[in-house]
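Novice: Questions regarding the structure given below will be posed in turn.
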DNA sequence: GAACAGCCTTGATCAAGATCAAGGAGGGCG
DNA sequence: CGCCCTCCTTGATCTTGATCAAGGCTGTTC
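Rendered as structure tokens:
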């Protein structure tokens, strides 16, 4: 069966990724209509908690705009970010009632939501959806494993470089379809959130970012705006294999 | 649709988890027959590499017996284990040609394999399979995220305690259907493999295991045989929330 | 049973990153 | 404008786990 992107013209919400990514790849009009009827939008403010671990979560959703994080916390308050939701990412788990992570809006976030029950029903009657979700979940699993390598074996400097590379790449992909040229972007995370992502303290993040700046690997305008004059130079700092990898 | 375990009597390989877990949960005889025809077994010796990152991998498989690991390596050789395959776990990715991790047999391993192409075809025509694989993949993703918390935020001692708890629990589940009583098991991993799992060095693993033994949290017979006199006591050392968690 | 190999333990020292502490930059608001 | 608040930076010191090094245990091979 061949992948086939639908015409976006018959989608009233061009941004809504559940159509574009999770369903439309192999869709027909009927399915779209069903999804169309059950979807609704919610907006969360920056800093707002979308769900706490253990909360009942009666919807699944995709991020339309903004950035949200998934994180887990130990008894004594140490927290580790375990997922970063960018536009088009999927959130929630069909077949599970409870949230298993804290979900927090980092910026203002718009989500396209589907009530869980009807979505599950549709999933059962529409094989493409499970297949597409499987693909997306496998991609997430790959990303999680890349992240495990980072957490377990990289130095602080390599962690920072890796995070910058990930954001830069993802940004470039969103904008241009692929990475290219000198890159420039705003960090969507505070130093503390970066630390939670990387398993470091915020002081260490700050120091390493300063070091990369001092050495000309990156340039900073203000605290958040980053430009990367030479992406390959940055990649050298990540510790990653230069050829393989990056399949996601 | 209700889950429904098949009678294992009409399965010639009672152990083969792709039948039992990935397919049989919602199966009919026809599907079983198709799977039956395309499956074959392979045995790998302890220490043998099943696939290197980048290798062409023309099958998917489930572990029938033995233990295998997934790991990733940085340019300079630092390695991080990113997956542990125990009996009934699934390996390989429908829709992808290449292995993205090194897969290594830790003990002798028997796998029940399906050539990738026919399996993918079957998956397309049999929605249950994608749905079941999605469930399994989501479970793996949860486990990976739990693991990220461990790698990013736990101390060496907590890491060791967590690993022991995971193995103890998994072992008890396999044997009794759920955790219970005083637990006893053989470590399936060398100290070095444990270190790769936990993002530590083998020396640190050795020291922390010794410390837990010295303090009576665990008992050791030889280097590998562990018994846990009081599971709750061990859990206290993991740093985890005692109530929540462990949804997988 | 001696020699060897693989795996593990323990000790001494070192260094990366955490922790503790102080203060700076920018932005919103009275 | 001045105040406060959040976020960030930098310095000094401490701690955890890494690194370097030596040797022990167990099982296998000849």
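Protein chains in written order, with the numbering used here: chain P, 978 to 1225; chain U, 978 to 1225.
We treat Cβ as the ideally placed atom computed from N, Cα and C, and that holds for glycine.
Please read these numbers as outputs of a predicted model, since none were measured by experiment.
#1: Apart from the five residues on each side of it in sequence, which residues of its chain come closer than 7 angstroms, Cβ to Cβ, to residue 1035 of chain U?
#2: Helix, strand or coil: how does DSSP classify residue 1079 of chain U here?
#3: Helix, strand or coil for residue 1164 of chain U, going by three-state DSSP, please let me know.
#4: On a Cα-Cα basis, can you pick out the residue from U:1057, U:1062, U:1051 and U:1049 that is closest to residue 1043 of chain U?
#5: By the criterion of Cβ-Cβ separation under 7 angstroms, what are the contact partners of residue 1104 of chain P in chain U?
#6: So which residues of chain P does residue 1124 of chain U contact, with C-beta pairs closer than 7 angstroms?
#7: Select from P:1050, P:1129 and P:1161 the residue whose C-alpha is nearest the C-alpha of residue 1143 of chain P.
#8: Leaving out five residues on either side along the sequence, give the residues of the same chain with a beta carbon under 6 angstroms from the beta carbon of residue 1190 of chain P.
#9: Using a cut-off of 7 angstroms between C-beta atoms, extract the partners of residue 1118 of chain P located in chain U.
#10: Just to confirm, is the Cβ distance from residue 1211 of chain U to residue 1205 of chain U under 8 angstroms?
#11: Which residue wins for smallest C-alpha separation from residue 1046 of chain P, given the options P:1018, P:1133 and P:1076?
#12: Give a yes or no on whether 8 angstroms exceeds the smallest Cβ distance from residue 1182 of chain U to chain P.
#13: Can you tell me whether DSSP reads residue 1179 of chain U as helix, strand or coil?
#14: Taking DSSP as the reference, what is the three-state secondary structure of residue 1126 of chain P?
#15: Tell me the rounded alpha-carbon separation between residue 1029 of chain U and residue 1079 of chain U.
#16: Taking the Cβ atom as the reference point for each residue, do residue 1020 of chain U and residue 1087 of chain U lie within a distance shorter than 8 angstroms?
#17: From what residue to what residue does the beta strand (DSSP E) around residue 1197 of chain P run?
#18: Does the beta-carbon distance from residue 1082 of chain U to residue 1022 of chain U come in below 8 angstroms?
#19: For residue 927 of chain P, collect the residues of the same chain with a Cβ closer than 7 angstroms to its Cβ; drop the 5 residues on either side in sequence, then sort them by chain order.
#20: Beta-carbon separation of residue 1168 of chain U and residue 1187 of chain U under 8 angstroms?
#21: What residue from U:1026, U:1139 and U:1085 has the CA that sits closest to residue 1064 of chain U's CA?
#22: Would you kindly report the start and end of the unbroken beta strand (DSSP E) that includes residue 1065 of chain P?
#23: With 9 angstroms as the limit, tell me which residues of the region 1055 to 1069 of chain U have their beta carbon closer than that to any beta carbon of chain P; keep them in chain order.
#24: CA-CA distance, residue 981 of chain P and residue 1132 of chain U?
#25: What separation, rounded to the nearest whole angstrom, lies between the Cα atoms of residue 1106 of chain P and residue 1054 of chain U?
#26: Scan the region 1194 to 1218 of chain U for residues whose Cβ lies nearer than 8 angstroms to a Cβ of chain P and list them as they occur along the chain.
#27: Drop a sphere of 10 angstroms on the beta-carbon of residue 1033 of chain P, count the other beta-carbons inside from all chains shown, and report buried for 16 or more, exposed for fewer.
#28: Under the rule that 16 or more other beta-carbon atoms within 10 Å means buried, what is residue 1125 of chain P, buried or exposed?
#29: Could you name the residues of chain U that residue 1130 of chain P contacts, counting a contact when the two beta carbons are closer than 8 angstroms?
#30: Using CA coordinates, which residue listed in P:1180, P:1145, P:1178 and P:1179 is at the minimum distance from residue 1163 of chain P?
#31: Report the partner residues of residue 1091 of chain P according to the DSSP bridge assignment.
#32: Name the chain P residues whose beta carbon is nearer than 7 angstroms to that of residue 1111 of chain U?
#33: Using a C-beta to C-beta distance shorter than 7 angstroms, which residues of chain P count as neighbours of residue 1072 of chain U?
#34: So residue 1012 of chain U packs on residue 1129 of chain P, CB below 8 angstroms; how close in whole Å?
#35: With distances taken between CB atoms, is the gap from residue 1072 of chain P to residue 1112 of chain U smaller than 8 angstroms?
#36: Give the single residue among U:1051, U:1207 and U:1017 whose Cα lies nearest to the Cα of residue 1123 of chain P.
Specialist: This is what the structure gives:
#1: Within the second chain, the letter at position 58 stands for residue 1035 of chain U. Same-chain partners within the cutoff: 1092 and 1093.
#2: As a first step, residue 1079 of chain U is located in the second chain; it is residue number 102 there, counting from the start. Judged by DSSP in its simplified three-state form, residue 1079 of chain U adopts strand.
#3: Locating residue 1164 of chain U in the second chain gives position 187, counting from the first residue. Residue 1164 of chain U falls in the coil class under three-state DSSP.
#4: By 1-based counting over the second chain, the position of residue 1043 of chain U is 66. Comparing Cα positions, the closest option is U:1062.
#5: Here the question's residue 1104 of chain P lines up with position 127 in the first chain. Ordered by position in chain U, the residues that pass the 7 angstroms Cβ test against residue 1104 of chain P are 1104 and 1107.
#6: Here residue 1124 of chain U refers to the residue found at position 147 of the second chain. Within chain P, the residues near residue 1124 of chain U are 1125.
#7: As a first step, residue 1143 of chain P is located in the first chain; it is residue number 166 there, counting from the start. Minimum Cα distance to residue 1143 of chain P is reached at P:1161.
#8: Locating residue 1190 of chain P in the first chain gives position 213, where the first residue counts as 1. Counting only Cβ-Cβ distances below 6 angstroms, and skipping sequence neighbours, we find 1197.
#9: On the first chain, position 141 is the one that residue 1118 of chain P refers to. Neighbours of residue 1118 of chain P in chain U, taken as residues whose beta carbon is under 7 angstroms from its own, are 1114, 1117, 1118 and 1121 in chain order.
#10: Locating residue 1211 of chain U in the second chain gives position 234, where the first residue counts as 1. Locating residue 1205 of chain U in the second chain gives position 228, where the first residue counts as 1. Yes, Cβ-Cβ distance for residue 1211 of chain U and residue 1205 of chain U is below 8 angstroms.
#11: Locating residue 1046 of chain P in the first chain gives position 69, counting from the first residue. The candidate whose alpha carbon is nearest that of residue 1046 of chain P is P:1076.
#12: By one-based count along the second chain, residue 1182 of chain U stands at place 205. Chain P, which has no Cβ nearer than 8 angstroms to the Cβ of residue 1182 of chain U, makes this no.
#13: For the purposes of this step, residue 1179 of chain U is identified with residue 202 of the second chain, where counting begins at 1. Of the three classes helix, strand and coil, the one that applies to residue 1179 of chain U here is helix, per DSSP.
#14: On the first chain, position 149 is the one that residue 1126 of chain P refers to. Correct three-state label for residue 1126 of chain P: helix.
#15: Indexing the second chain from 1 puts residue 1029 of chain U at position 52. Indexing the second chain from 1 puts residue 1079 of chain U at position 102. The alpha-carbon atoms of residue 1029 of chain U and residue 1079 of chain U are separated by roughly 4 angstroms.
#16: Counted from its first residue, the second chain places residue 1020 of chain U at position 43. Counted from its first residue, the second chain places residue 1087 of chain U at position 110. Yes; because the gap between Cβ atoms is below 8 angstroms, this pair is in contact.
#17: As a working note, residue 1197 of chain P is residue 220 in the first chain. Per DSSP, residue 1197 of chain P belongs to the beta strand (DSSP E) from 1196 to 1198.
#18: Your numbering for residue 1082 of chain U matches position 105 in the second chain. Your numbering for residue 1022 of chain U matches position 45 in the second chain. Cβ atoms of residue 1082 of chain U and residue 1022 of chain U: closer than 8 angstroms.
#19: This structure leaves residue 927 of chain P out entirely; chain P is present only between 978 and 1225.
#20: One-based indexing of the second chain puts residue 1168 of chain U at position 191. One-based indexing of the second chain puts residue 1187 of chain U at position 210. No, they are not a contact pair.
#21: Taking the second chain and counting its residues from 1, one reaches residue 1064 of chain U at position 87. Residue U:1085 is the option with its Cα nearest to residue 1064 of chain U.
#22: Counting from one through the first chain, the residue named residue 1065 of chain P turns up at place 88. If you look at residue 1065 of chain P, you'll find it isn't in any beta strand (DSSP E); DSSP assigns it neither H nor E.
#23: 1055, 1056, 1057, 1058, 1059 and 1060
#24: The residue given as residue 981 of chain P occupies position 4 in the first chain. The residue given as residue 1132 of chain U occupies position 155 in the second chain. Any reading at residue 981 of chain P needs caution, since the residue's pLDDT is 35, under 50, leaving its predicted position unreliable; the model's value is listed next. For residue 981 of chain P and residue 1132 of chain U, the distance between alpha carbons rounds to 48 angstroms.
#25: For the purposes of this step, residue 1106 of chain P is taken as residue 129 along the first chain, with counting starting at 1. For the purposes of this step, residue 1054 of chain U is taken as residue 77 along the second chain, with counting starting at 1. Whole-angstrom Cα-Cα distance: 40 angstroms.
#26: 1216, 1217 and 1218
#27: Here residue 1033 of chain P refers to the residue found at position 56 of the first chain. Exposed, because fewer than 16 other Cβ atoms sit within 10 Å of the Cβ of residue 1033 of chain P.
#28: Counting from 1 along the first chain, the entry for residue 1125 of chain P is found at position 148. With 16 or more other Cβ atoms within 10 Å, it is buried.
#29: Indexing the first chain from 1 puts residue 1130 of chain P at position 153. The answer, in chain order, is 1051, 1055, 1056, 1057 and 1176.
#30: By 1-based counting over the first chain, the position of residue 1163 of chain P is 186. Checked all of P:1180, P:1145, P:1178 and P:1179; the closest Cα to residue 1163 of chain P is P:1145.
#31: As a working mapping, residue 1091 of chain P is identified with position 114 in the first chain. Answer by DSSP bridge pairing, in chain order: P:1016 and P:1037.
#32: Walking along the second chain from the start, residue 1111 of chain U turns up at place 134. Residues of chain P whose Cβ lies closer than 7 angstroms to the Cβ of residue 1111 of chain U are, in chain order, 1107, 1110, 1111 and 1114.
#33: Your numbering for residue 1072 of chain U matches position 95 in the second chain. By Cβ distance, chain P contributes 1112.
#34: As a first step, residue 1012 of chain U is located in the second chain; it is residue number 35 there, counting from the start. As a first step, residue 1129 of chain P is located in the first chain; it is residue number 152 there, counting from the start. Beta-carbon to beta-carbon, residue 1012 of chain U and residue 1129 of chain P are separated by about 36 angstroms, too far to satisfy the 8 angstroms threshold.
#35: The sequence position of residue 1072 of chain P within the first chain is 95, counting from 1. The sequence position of residue 1112 of chain U within the second chain is 135, counting from 1. Contact: yes.
#36: Residue 1123 of chain P sits at position 146 when you count from the first residue of the first chain. Of the listed residues, the one whose Cα sits closest to residue 1123 of chain P is U:1051.
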